[in-house]
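Down below is the structure, laid out as C-alpha cells.
There are 2 protein chains.
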Amino acid sequence: MAVHDAMDILNGRWKISIIASLCFNTLRFTDLLREVEGISGKMLSRELKNLEENQLVTRTVLNTQPITVEYELTEYGHTLKEVIESLAKWGHNHRKKITGKL
Amino acid sequence: MAVHDAMDILNGRWKISIIASLCFNTLRFTDLLREVEGISGKMLSRELKNLEENQLVTRTVLNTQPITVEYELTEYGHTLKEVIESLAKWGHNHRKKITGKL
DNA sequence: GTCATCTGATTACCAAAAGTAACTGTGACA
DNA sequence: TGTCACAGTTACTTTTGGTAATCAGATGAC
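Heads up: the protein sequence lines correspond to chains A and B, in order.
Each step along the first sequence adds one to the number in numbering that gives the first Met the number 0, with nothing skipped, and position 37 is 36.
Each step along the second sequence adds one to the number in numbering that gives the first Met the number 0, with nothing skipped, and position 49 is 48.
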C-alpha cells in the first residue's frame, strides 16, 4: 500500500515533528532543538541529513559569526503540508479527548 | 505541538500501516500478517494490544474452530481515516516520483 | 492412536535504532 | 583568561525490533 511507501520516508520518531516545525518557518539547528521537544542533537543532526537526502529539506550555511545553519522545507517537502495538517488536527482533537477525560 | 501528540499514539514502524489495513475491512490476525507486509507475529500482536489500549481497535474472539480473532477499527479509530488518506495520497505521489526517476 | 496442521499468540535470543552525556572547534565578549 | 553560543560528533547504554522456536487446543490424514 501507498501508506507503506510514505512511512518509508517518514520513519522514526522525529521526522514528522521536524517537518511540522519547518512547515511555517525556516529554522536554525538550535531553534529546531528547542521546537522539537525531546530531540537530542545527535538525532536532529541525523534526521536532518536523512531529510536532506530525500530532498524534503535544504541546508544553508550562513556567513555569520558564529556560523549559523538554516533548514528549510523544499518545494517537495511542502507537499507534505496536507499530511501534517491532518495529523495536527487529529492530535489536537485527541489531546482534548484525553485531557477532558482526566 | 499537536503533531507530537498524534505521533505519541501512532509511534513505531507499524501502527499506521495496521490502521490503514483495518480502514476498509475487519481483519483477522492472520489476514493482517499477510496485509501488513513485513510485520512479524510478535510485533503484530504487540501493536494490536497497544492500539486496543488506546481504543483505536477492538478485538473480538469468534466461536469458530480453530479459534479466530477479528480486529476492527473503533469509531474513534475511524477518525484517523483522513490522516491515512492524506498519507496514502502522498505516498502514491512519492512512488510515482521515485519510480519515474529510475 | 499418533502425527501434522491451522489458529493466535508468546518466549528467548540477537541486531538495529535511539537516548545520554561529554566533547570538538571557532569566534565573541567580559 | 575564561566562558558562552553555534552546529554538530563520538562513545556508551538502553530500548526497540526482528527471527525462529514454541505453546495450546482442535481438526483431519494415515
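Ideal Cβ positions, reconstructed from N, Cα and C, are used throughout, including at glycine.
message: Would I18 (chain A) and L86 (chain A) qualify as a contact pair, given that the criterion is a beta-carbon distance under 8 Å?
response: One-based indexing of the first sequence puts residue 18 (chain A) at position 19. One-based indexing of the first sequence puts residue 86 (chain A) at position 87. Against a cut-off of 8 Å, the Cβ pair of L86 (chain A) and I18 (chain A) comes out as no contact.
- request: Give a yes or no on whether 8 Å exceeds the smallest Cβ distance from S16 (chain A) to chain B.
  value: For this step, residue 16 (chain A) is matched to residue 17 along the first sequence. Closer than 8 Å: yes.
message: Less than 7 Å between C-beta atoms, sequence neighbours within five positions excluded: which residues of the same chain meet that for E46 (chain B)?
response: Taking the second sequence and counting its residues from 1, one reaches residue 46 (chain B) at position 47. Excluding the 5 residues flanking it on each side, E46 (chain B) has same chain C-beta neighbours closer than 7 Å at G11, W13, K14 and I17, in chain order.
message: I need the boundaries of the beta strand (DSSP E) containing T67 (chain A), first residue and last residue.
response: As a position in the first sequence, residue 67 (chain A) is number 68, starting the count at 1. Here the beta strand (DSSP E) through T67 (chain A) covers T67 to L72.
query: Does the separation of the CB atoms of V68 (chain A) and F23 (chain A) fall below 8 Å?
result: By 1-based counting over the first sequence, the position of residue 68 (chain A) is 69. By 1-based counting over the first sequence, the position of residue 23 (chain A) is 24. The Cβ atoms of V68 (chain A) and F23 (chain A) do not sit closer than 8 Å to each other.
- prompt: In this structure, what does DSSP give as the bridge partners for R58 (chain A)?
  reply: As a working note, residue 58 (chain A) is residue 59 in the first sequence. For R58 (chain A), which the question treats as bridged, DSSP gives the partners A:Y70.
field: Distance between Y70 (chain B) and L26 (chain B) (C-alpha atoms, nearest Å)
entry: Here residue 26 (chain B) is taken as the residue at index 27 of the second sequence, counted from 1. Here residue 70 (chain B) is taken as the residue at index 71 of the second sequence, counted from 1. Between the C-alpha atoms of L26 (chain B) and Y70 (chain B) there is a straight-line separation of about 5 Å.
- prompt: What residues from chain B crowd round I119 (chain A), counting only those whose CB sits closer than 7 Å?
  reply: This structure cannot settle anything about residue 119 (chain A), because the visible part of chain A is limited to 0 through 101.
message: Can you look up R94 (chain A) in the DSSP assignment and give me helix, strand or coil?
response: Position 95 of the first sequence holds residue 94 (chain A). Helix, per DSSP.
message: Please report whether the beta-carbon of E4 (chain A) lies at a distance below 8 Å from any beta-carbon of chain B.
response: For this step, residue 4 (chain A) is matched to residue 5 along the first sequence. According to the sequence displayed, residue 4 (chain A) carries Asp and not Glu. Contact of D4 (chain A) with chain B is assigned, a C-beta pair being separated by under 8 Å.
message: Taking 8 Å as the threshold (C-beta atoms), are G37 (chain A) and V56 (chain A) in contact?
response: Counted from its first residue, the first sequence places residue 56 (chain A) at position 57. Counted from its first residue, the first sequence places residue 37 (chain A) at position 38. In terms of Cβ geometry, V56 (chain A) and G37 (chain A) do not form a close pair [threshold 8 Å].
message: Distance cutoff 8 Å, beta carbons only. Does E81 (chain B) sit that close to anything in chain A?
response: Your numbering for residue 81 (chain B) matches position 82 in the second sequence. Interface residue (Cβ-Cβ distance to chain A less than 8 Å): E81 (chain B) is classified as such.
field: Continuous alpha helix (DSSP H) assignments of at least 4 residues falling wholly in the region 11-65 of chain A
entry: Listed in chain order, the complete alpha helix (DSSP H) runs (minimum 4 residues) inside the region 11-65 of chain A are 14-21, 28-34 and 40-52.
query: Hey, how far is the Cα of A1 (chain A) from the Cα of V60 (chain A)?
result: Within the first sequence, the letter at position 2 stands for residue 1 (chain A). Within the first sequence, the letter at position 61 stands for residue 60 (chain A). Inter-residue distance for A1 (chain A) and V60 (chain A) is about 35 Å (C-alpha atoms, whole angstroms).
message: What would DSSP say about M6 (chain B), mapped onto helix, strand or coil?
response: Stepping through the second sequence from its first residue, residue 6 (chain B) is reached at position 7. The three-state reading of DSSP puts M6 (chain B) in helix, counting H, G and I together.
- prompt: Roughly how far, in whole angstroms, is the beta-carbon of W89 (chain A) from the beta-carbon of L79 (chain B), given that I think they are within contact range, below 8 Å?
  reply: Looking up residue 89 (chain A) in the first sequence gives position 90. Looking up residue 79 (chain B) in the second sequence gives position 80. About 6 Å separates the two Cβ atoms, so the contact holds.
message: Contact criterion: CB-CB distance below 8 Å. Does E36 (chain B) meet it with respect to chain A?
response: On the second sequence, position 37 is the one that residue 36 (chain B) refers to. It does: the Cβ of E36 (chain B) has a partner Cβ on chain A nearer than 8 Å.
- request: Could you round the C-beta distance between I8 (chain A) and N53 (chain A) to whole angstroms and report it? I think they count as a contact, below 8 Å.
  value: For the purposes of this step, residue 8 (chain A) is identified with residue 9 of the first sequence, where counting begins at 1. For the purposes of this step, residue 53 (chain A) is identified with residue 54 of the first sequence, where counting begins at 1. In this structure, I8 (chain A) and N53 (chain A) form a Cβ contact; the two beta carbons are roughly 6 Å apart against a cut-off of 8 Å.
- prompt: Quick one: which chain A residues come within Cβ less than 8 Å of T78 (chain B)?
  reply: Within the second sequence, the letter at position 79 stands for residue 78 (chain B). Residues of chain A passing the Cβ test: W89 and N92.
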